[in-house]
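Inspection log for the structure reproduced underneath, given as structure tokens.
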Amino acid sequence: MKKLIVFLFIFCFSLFQISISLKEGIESARADSFKTVTVTFKVAPTPASVEVNKTLVKYNKDFIFSWGFDDGYKEGYEYGFKYLNGGYNSTLDSYFGGLYYTDGAGSSRPFSGSYSWFSVDSSYNDLHSSDSLSYMSWDNLIDSYNHGWVALNHGWTSMNFPDLEATYNYPAPKGPGSFDYNYEVSQNSSYIQEKTGFYPKHFVIPGGDQSYIRPAFNVGMKSVSAQAINFNYDGKNHLVPVEGVPLSSLNLNEYLMYRKYYAEGINFDLSSMTEYVDAIAAKSTGAEKYWAVGFTHRVSPDATSGNLSWDKFKYLMDYIAANYGRDGADNIWMTSYQEAYEYAEVYQGVSLQTSLSGDTLTISFDTSALPGDLRYYALSLLVSADQEIRSVDYGLGDFTATSANLDSGLINLDWGFFLDQDEYTRSEEEVSKAEVSRISNDRDKAQSYVNVLPDGQRKNILQNRIDNIAVLGKTWRINFGLNSYKVGTWNIYGGDKSPYNKLLENLVDTDGNVSSLSVQVVQDFNGKFTEGMNTGNNSGVIPDAYL
30 MKKLIVFLFI FCFSLFQISI SLKEGIESAR ADSFKTVTVT FKVAPTPASV
80 EVNKTLVKYN KDFIFSWGFD DGYKEGYEYG FKYLNGGYNS TLDSYFGGLY
130 YTDGAGSSRP FSGSYSWFSV DSSYNDLHSS DSLSYMSWDN LIDSYNHGWV
180 ALNHGWTSMN FPDLEATYNY PAPKGPGSFD YNYEVSQNSS YIQEKTGFYP
230 KHFVIPGGDQ SYIRPAFNVG MKSVSAQAIN FNYDGKNHLV PVEGVPLSSL
280 NLNEYLMYRK YYAEGINFDL SSMTEYVDAI AAKSTGAEKY WAVGFTHRVS
330 PDATSGNLSW DKFKYLMDYI AANYGRDGAD NIWMTSYQEA YEYAEVYQGV
380 SLQTSLSGDT LTISFDTSAL PGDLRYYALS LLVSADQEIR SVDYGLGDFT
430 ATSANLDSGL INLDWGFFLD QDEYTRSEEE VSKAEVSRIS NDRDKAQSYV
480 NVLPDGQRKN ILQNRIDNIA VLGKTWRINF GLNSYKVGTW NIYGGDKSPY
530 NKLLENLVDT DGNVSSLSVQ VVQDFNGKFT EGMNTGNNSG VIPDAYL
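Under this note's numbering, the first residue of the sequence shown is numbered 30, with each subsequent residue one higher.
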């Protein structure tokens, strides 16, 4: 009997401990999922005037354009990623400062995009080794991913319209067998995860082979996209919009998306290249907002059919930035396909609750019903009332980033991945690095980032710091004497008997670059400038050691 009592006591105590742990776990999960924002007005608003709405597009932009590069070619990283995000292109020997839109609350965000990625060739050899001449390396993909870009599943081999009666020598553990669409999709995401740590859940059809559609959804892909307006699977035709999809009626269940193809040989000239984006922007001026996708394969100066020339790609992106980005209307969200889709998931998956007490408005929402596999958890809110906002505070729930515009009532919330580096932070870091290293490449890189900053005091301060960097290995030739040296670039101080306190500004180096450096002779050379005497360096100054 004693043993039974002890057993019952231990059993009951264990159940009690389990129930306590379960309760604590649920409360902890709710604390993590329950988000609260507090808005304080300068004067208590009229309750009927207060409105809080989720915005269809993050940052309350008018439309979304998602750019992508197919097949994981190296040019997508060297030309695409580095031009949009900022970076050094070794082929062009140029640093790019990036292209930007703003968050509507004072910070700039770089354009981002995606890669439709397949991993192996038809013999199942990895295409993305570090010494590949044609394809991005896995390190390139990881670098892009860490800066907000994503990979979309493009099939393990990207084989399309295969011979279904042939035998394919899949490596172990699968082994030889017939072509397996399900395996091609799932294995590619698993392989990408093995190499990088992230698992793509959006599929891009290789070569128009729509036999991939049902298998892609079967193995867990959330969406399928292609250069098609008619998706045929399960015995049905599914028509999708061509000029963007309306976001207010987006059905994310087995989502299908059209992709606009940009390439040489498709009758694109510089003027017609912008028509598609212009059309999406024009449709998005009212209450309805639209999302569209564009892509190409390679970008290079000598692009062939099926790819896009560097000049045309640059023209298109510069046009978007100048007209719809930070330096234009600032009404575009230029982001990756995955981020746009996941924002829609969050938008559709949470409901807002509001409570007004005097001058304080509390906004709350529960995120526990959202999928647990998103990379981007974000939501923008728009608050309006008949009184001005004094402040915005963020309560329960961990946010990875927040920003607010008190004048417009825009509030931006992130609790997933967020690239916490605006253009000023990056420029400051690069300028500081160049000041320490005094290497020409570091200075040029810093200059590329400062070039694209908005005009203003912060830009001027950084520019002055760059101008004052004396790069190692640079040569400035200065002629203090009577005779003018004819070979090469010289800075002329002033010739015979020039006053010693004269200031020579904006010295030009031997490469012809104008600097902010200056030189001033504060004491006569050897007591005076000397006339009528030849010196070894033709300076007219004796002794030469002073130079």
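Virtual Cβ for every residue (Gly too), placed ideally from N, Cα, C.
Under the three-state reduction of DSSP, E459 is assigned to helix. In this model, S409 and Q377 are separated by some 13 Å (Cα to Cα). Rounded to whole angstroms, the separation of the alpha carbons of T303 and L533 is 48 Å. Counting along the chain, P244 sits inside the alpha helix (DSSP H) bounded by residues 242-247. Here S141 has G177, W178, T364, S365 as same chain residues with Cβ atoms under 6 Å from its own Cβ, once five neighbours each way along the sequence are excluded. Nearest Cα to T67 within the set V149, F297, T383, M286: T383. Only residues of its own chain outside the window of five on either side were considered, and among them D91, F92, Y319 have a CB closer than 6 Å to the CB of S313, listed in chain order. With respect to the 8 Å criterion, G133 and V322 are not classified as neighbours on the basis of their beta carbons. T429 carries a coil assignment under DSSP once its states are collapsed to helix, strand and coil. Annotation: V79 is outside any alpha helix (DSSP H) and is labelled neither H nor E by DSSP. If you look at T67, you'll find it in the beta strand (DSSP E) that goes 63-70.
Exclusion of the five residues before and after K203 leaves Y212 as the residues of its chain whose Cβ lies within less than 7 Å of its Cβ.
In the DSSP assignment, K265 falls outside any alpha helix (DSSP H) and within the unbroken beta strand (DSSP E) covering 265-268. Cβ neighbours of S393 within its own chain (closer than 6 Å, five residues either side excluded): T65, Q382.
With a minimum length of 4 residues, the unbroken runs of alpha helix (DSSP H) contained wholly in the region 287-333 fall at 304-312. The DSSP-derived three-state label of N217 is helix. Taken in chain order, the region 124-158 contains no complete alpha helix (DSSP H) segment of 4 residues or longer.
Ranked by how close their Cα comes to the Cα of A257, the residues K111, G273, L181, M250 have G273 in first place. 8 Å or more divides the Cβ of E459 from the Cβ of V481. According to the DSSP secondary-structure assignment, V179 is paired through a beta bridge with S143.
The straight-line gap separating the alpha-carbon atoms of S163 and D61 is approximately 44 Å. Taking every protein chain shown into account, the CB of S173 has 16 or more other CB atoms within 10 angstroms, so this residue is buried. Judged by DSSP in its simplified three-state form, R467 adopts coil rather than helix or strand. In the DSSP assignment, Q377 falls outside any beta strand (DSSP E) and lies within the alpha helix (DSSP H) extending over 366-378.
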